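Numbering (the UniProt record's numbering), first residue to last: 1 to 63.
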């Protein structure tokens with residue numbers, strides 16, 4: 001954290017990180033950070049982490 005200036009600066013640097021060379025046939029979605037990159041509970045439908053299944057499935061399984 002000292003090298004990047006703390007957690008807040010880490011978030012800023014990550015969200016502004018883009019490669020200097022990209023392929024012409026690659027979508028911008030592939031190399032830009034997601035807007036919800038630092039959120040644990042992302043959109044349950046469009047998100048890439050299946051948190052509803054984890055939260056509710058494990059709760060039911062543990063009961």
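The C-beta atom is built at its ideal place from N, Cα and C for all residues, glycine as well. Here the structure is a predicted model, which is why all the values come from computation and not from measurement.
Judged by beta-carbon spacing, residue 13 lies beyond the 9 Å limit of residue 1, meaning their Cβ atoms are not closer than that value.
Ranked by Cα distance from residue 41, the options 3, 29, 54 and 26 are led by 54. If you look at residue 60, you'll find it in the alpha helix (DSSP H) that goes 51–62. The C-beta distance from residue 19 to residue 31 rounds to 5 Å, short enough to fall under 8 Å.
In the three-state DSSP reduction, residue 9 falls in the helix class (H, G or I).
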